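So the sequence lines, in the order shown, correspond to chains A and G.
Take 506 as the starting number for the first sequence in this note's numbering and just add one per residue.
Take -11 as the starting number for the second sequence in this note's numbering and just add one per residue.
Even glycine gets a Cβ: it sits at the ideal position worked out from N, Cα and C.
The structure displayed is predicted, hence computed values, not measured ones.
Input: a single structure, listed below in structure tokens.
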Amino acid sequence: MQADKFVIPADMAPVKRHEKDTDVLRAQAGLYAFLGRCLEAEVDAALLSTLRGPLCKPLEELGVDLGDDVRSGDPLAVLADLGEEFAALFVVPGAVLPYRSAYETGRLFQPQADLATAAYRDAGFEFRNTLSGEFSDHAAVMLAFVGRLLERQVEAAETGDAEAATGWQRRREHFLQHQMGGWIIGWSRRARTCARHPFYRAILGLTEQVVWADICDIVDEKALQRLVKANRRPLMRQKTDHEFRKASGL
Amino acid sequence: MGHIKNIQTNRRGFLKLGASATAAGAALASTRLVAMEYDLGGADFSAVTGEKRTAVPYTCMACNIEDGGIAMVENGRIVKLEGNMDHPNTRGKLCAKGNSGFLHVYDPDRIMSPLLRTGKRGEGKWKRISYDEATSLLAEKLRAVIDRSREANDPSILNEMVVKWGRNRTGGGLDRFMHALGSNALINHTNICESSKKVGLEPSWGPDIESCDWANTKYILNFGSNVLESAYFMNPNAQRLVDGVVGNNAKIVSFDVRLSNTAGYSHEWFAPYPGTDSAIALAMAHVIMTEGLHDRDFIRDWTNVTEAQLLTHLAPYTPEFAEEESGVPAKDIRRIAREFATTKPATTFSYRGPCKHLWGAYQEAAIHMLNVITGNIEKKGGYCLPRGMGWPQPSPNPPKGAAPSVIAAPPLYPLASHHVSTNAPYMIMRGEAKVSVWMSYYDNPVYSYPSSHVWDAFLRDESLAPFTVSFSCYMSESTELVDLIIPDVTYLERHDPESMPSGLYPCLSIRQPVIKPLGGTQEFRQTMIDVIHKVDPDGALGIRKYFEFESVEDWMRQHFDNIPGLKEEGGWDHMKKVGVWPVYGKVSKDDGKLVDDNGDEIVAEYGLHTAEIPASAMAGAVVEPDGRITKDGATIGVQINGKNHTGFGTPSRKIEIYKESFRTYGFNPLPVYKRLPSRDKKPAEMILTTFKVNVHTQSRTASLKYLAEIYHKNPAWISPARAKALGIADGDLVRITSSLGYMVTRAHLTEGIHPEVVAISTACGHSGYGRLATLKHKDADAEWALGGDPDITNNVWWDDKGVHPNPIIRLSIDPIGGSQAWFDTVVTVTPAQPGDTYGDTNVSVEESMKDYEETLRYAYTGDLHRAAHQEVDVDWNNLPHPAASDGH
């Protein structure tokens, strides 16, 4: 996987369904941006305020439970608690690392990161880490990128540039299928299983559902089956050979 | 049949034609097909694109040998490591650890961001912060100590800022940092390593290690080193050892309680009783001297003893005496002594086996003496001085702190020039030293020290260490206990100057980032700069001036840009490009020797001690009655037979077999054998020893997948006869019990171990260092899934991580060299008891504290020291008072 090999295939299958309603697209963009922000970095006072303010009711209506403390607890305490949870879940050794490279190869910063960077660049974005240890193939950055692509699509549609809008849609769908589809669902599920705080359980659950719904919308049945398998990554237990152990096997 | 016959006939015909064609030679050669040159390293190509990969030289630090390496980089990613062909001592070869080193960089369990503790110590709760926040916090803590010291006008308070390191390859950087802060509290790791070897050697001839000319020798006596697998300079030494044995028909004889791979490679292997090496070496010296096989001229000219003194001193050390102590037959000791003395050239080598005992320094001094009395010192094929090169420190260089640190240099161990790091937590727990800020660099004492649970207890106690910091990029057993982690980068992403005396060709080398530090991480050198700038933002404290570097690279330039010779070749820029200086020649494709452009071998320089002092330097010098040449109050050489030589790095400039410094503190000034307490154990008891293996360091490599797959469990080696007597079969669970407690592991029955010894390797049994080292992912499905590492999920076929022996190993210190006596712990081995499970460890901090009290009784002021050294001619009632030195 070479970074400079990333191109949107010209013969990519035409989009299945053209979403004409820019309000829907804009809402999708907002949803991806929201998920990306929640998973990209620790919750800060601004985000907490948003969660308690404009997003409170919509999240409730959606049945998303972020936890009592997020809704009404002492802000400093809840921010500290969520920061600790963020570190344990995504940062500290032993975490469910939110990187495609780690998920697919067991190593940090592998060519998967180059592919993500190339896709961002190709769309006019540059990845820059804020804190050390952040890579371009971070799940949250990918979610945010999809949100940005949706924004561009809306902008193009609103200016009447249907061709450009279709281009942005293709780009988004390709990214969702090829750079996110094979891992982000399984990763979200694993992270959700390990999450202690209801906020991260909820956000990760939402991520899984939102991304999967969009992928189901854009790929055919055969491709969907491949993605299901890729995400599942079933555990493989080795048979223990007691004789081998007994022989000390130096 | 006819068909086959035809083919055979045809083949003969073909061959005839072929022979004729060959004779025609170049006239028939293809002009299209050109033979590839066989490049010995340094170039590599992408398997995907075919493009040449970027080759970046570096110095390895997978362990402490510092081999020359080349990193192959593709798309900003390290894809392969190999040896640097320009490094004269490692000659293009890396060991398994070195080849695997790049896995450190991409390890998913690497700490990539500064972390601030949010829960209780060791609870595993952290908050991610930036490097800026982290260095500000550390600077604030350090500044508070400095302010308190200034207010009280008490420089000793500055020693409450402590740094403890396991592996410091900063080229003086860490010393600069601490001395700039005014602290002398730099605690190394050397006493858990080979410090008593160093102290056996330094007063004898100056340097702390030997450099054997393995390749050109004819005879090697190997005392307790596993040089083909581990030990100092393993890779370069192992290469040249094989050169010597295979290429030069050298004989090697090994003394080791365990059949290591080196012992197995030897022509003869003897398993002496642990800690009796010096009895064997002294008996050999006895044979050599009494049979007149010694080098009279060398002893007369180059030592501070006479033949008569040696004969008198060695008289009790007969081969029969040595047999009684060691179990090695007297006839073999006698025979090998004769072979060693009469086969020229010859050399000994020793490592931790002899010196990691109570009085280990004596053992090393005795082995060293064999080379001296046979005149093999500094001879081609002999026992040579180490060859290294220095580099200047940027100016201004801070002076040491004003007050001595007692934990850095415990006063009860005045001869232990490499100090006694094991004692630090005990001293702090007893109130003998105070800590305000404890900094840990490349160190994991909670795993790698004897009675490791004492370090665990110390680091958990906030009243003993109020603020603790680790610069590790791995969550080791020690790092998980600290308050703040400011992760360094791996050795492939940072700068360091290096010069390891790993062979006979002195050279400088460097470490440089072969890739940009991963994910915006920051190298420790930059962290030091940032912290100092924040401690002293305006320079008012007079500290900042020592760290006025424009960048880390600027710091490195100041090391390398003005070294004569290197400067003309480009200084730092040359080092970045080539990685090593000087480049002596090429590695021969035929025999691996260093050769010049004509293919002639580049012969190393020998006889360094005989170098003559130039007439210009003799101007104003005085030759003292004892032959020493002094000038301006300093000894600069020695006059022997009318010639002015530089000599050795001792006060007399000769090899000092007689060590006055030893006598001053009531130790025997001559090499002796002292019967160890463990030698008098009960018959049912055994002695626990540990060892390293060829694919692991003590602790740092357990997270490397390639290496963990090769070696990940460490059963206890027990001889079949002993096991049978104990009712133990191969693979059985066993309980090993010392005075501190017990561990439960499995037995590995082998004839390759002394019957009185049980041996367990290090490197296994981690409770920290990531998912692979701990195999925690196999405990439960949820944890298994953590991180989603497919290698761990699908390819880790083993479910045994081993059991670490260090908790049951007692603290015991060589009162001379300061070494931990790793190989003196007396244990009982029994079948596991009901309820025991594999990996159980149960030990007591209180019992370990008693060991500290006990070992102080062997220090020079202790009653057991006096009882064991009645033969020493010293005024026992007027030994020097314990006094703190300036630490480091």
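Any beta carbon of chain G sitting closer than 7 Å to that of residue i?
i: A/S693; result: no
i: A/N736; result: no
i: A/R531; result: no
i: A/L602; result: yes
i: A/R605; result: no
i: A/R612; result: yes
Taking the alpha helix (DSSP H) that residue i falls in, what are its first and last residues?
i: G/R322; result: 318 to 330
i: G/Y435; result: 433 to 436
i: G/S242; result: That residue, G/S242, is in no alpha helix (DSSP H); its beta strand (DSSP E) goes 239 to 243.
i: G/I416; result: 412 to 417
i: G/N830; result: No alpha helix (DSSP H) contains G/N830, which is instead part of the beta strand (DSSP E) from 829 to 831.
i: G/D120; result: 119 to 140
i: G/T678; result: Taken as a continuous stretch (DSSP letters only), G/T678 belongs to no alpha helix (DSSP H), being part of the beta strand (DSSP E) at 674 to 679.
i: A/Y625; result: 616 to 627
i: A/S606; result: 605 to 610
i: G/K185; result: 183 to 193
Give a yes or no on whether 7 Å exceeds the smallest Cβ distance from residue i to chain A.
i: G/D767; result: Reliability fails at G/D767, whose pLDDT of 45 lies under 50, so the model's placement of it is uncertain and the value that follows must be treated cautiously. No, no contact with chain A.
i: G/W881; result: Outside the shown range of chain G (-11 to 876) lies residue 881 of chain G, about which nothing can therefore be said.
i: G/M463; result: yes
i: G/Y94; result: yes
i: G/T509; result: yes
i: G/D97; result: yes
i: G/L721; result: no
Mind reading off the beta-carbon distance from residue i to residue j? Whole number of angstroms is fine, and I expect it under 8 Å.
i: G/Y253; j: G/L209; result: Rounded, the Cβ-Cβ distance is 14 Å, inconsistent with contact.
i: G/W379; j: G/P413; result: Their Cβ separation, rounded to whole angstroms, is 34 Å, which puts G/W379 and G/P413 out of contact at 8 Å.
i: G/P803; j: G/Y846; result: 5 Å
i: G/V245; j: G/I716; result: At roughly 19 Å, the Cβ-Cβ gap does not stay under 8 Å, so G/V245 and G/I716 are not in contact.
i: G/I474; j: G/D484; result: Actually they are not in contact, since the Cβ atoms of G/I474 and G/D484 sit about 18 Å apart, beyond 8 Å.
i: G/G595; j: G/L582; result: Actually they do not touch by this definition, with Cβ atoms about 19 Å apart.
i: G/N179; j: G/S436; result: Not quite, the Cβ-Cβ distance comes to about 12 Å (not below 8 Å), so this is no contact.
If you follow the beta strand (DSSP E) that residue i is part of, which residue opens it and which one closes it?
i: G/H633; result: 631 to 633
i: G/D444; result: That residue, G/D444, is in no beta strand (DSSP E); its alpha helix (DSSP H) goes 440 to 448.
i: G/Y220; result: Where G/Y220 is concerned, there is no enclosing beta strand (DSSP E), given that its DSSP letter is neither H nor E.
i: G/T300; result: Counting along the chain, G/T300 falls outside any beta strand (DSSP E), though it belongs to the alpha helix (DSSP H) covering 295 to 302.
i: G/S726; result: 721 to 726
i: G/Y653; result: Segment: none, G/Y653 is in no beta strand (DSSP E) and carries neither H nor E.
i: G/S497; result: 496 to 499
i: G/I716; result: First-last for G/I716: undefined, no H or E at that position.
i: G/V258; result: Strictly speaking, residue 258 of chain G in this sequence is Phe, with Val absent from that position. Here the beta strand (DSSP E) through G/F258 covers 256 to 258.
DSSP three-state call for residue i: helix, strand or coil?
i: A/G588; result: helix
i: G/A605; result: helix
i: G/G212; result: coil
i: G/E859; result: coil
i: A/G638; result: coil
i: G/H562; result: helix
i: G/D668; result: helix
i: A/K525; result: coil
i: G/V814; result: strand
i: G/N865; result: helix
i: G/H356; result: helix
i: G/C200; result: strand
i: G/D484; result: strand
Members of the stretch 614 to 646 of chain A that neighbour chain G once the beta carbon cut-off is set at 8 Å = F614, Q615, P616, D619, N634, L636, S637, G638, E639, F640
Residues in the stretch 99 to 125 of chain G with C-beta within 7 Å of chain A's C-beta atoms, listed in sequence order?
-> I99, M100, S101, L103, T106, K113, W114, K115, R116, S118, Y119
Could you please tell me which residues of the stretch 586 to 598 of chain A, in chain order, have their CB closer than 8 Å to any CB of chain G?
-> G588, E589, F591, A592, A593, V596, V597, P598
Closer than 8 Å, Cβ to any Cβ of chain G: which residues of the stretch 537 to 567 of chain A, in chain order?
-> E547
Short-range partners of chain A found in the stretch 602 to 619 of chain G, where Cβ spacing is below 8 Å | none
Positions along the stretch 747 to 762 of chain G whose CB lies within less than 7 Å of some CB in chain A | G758, R759
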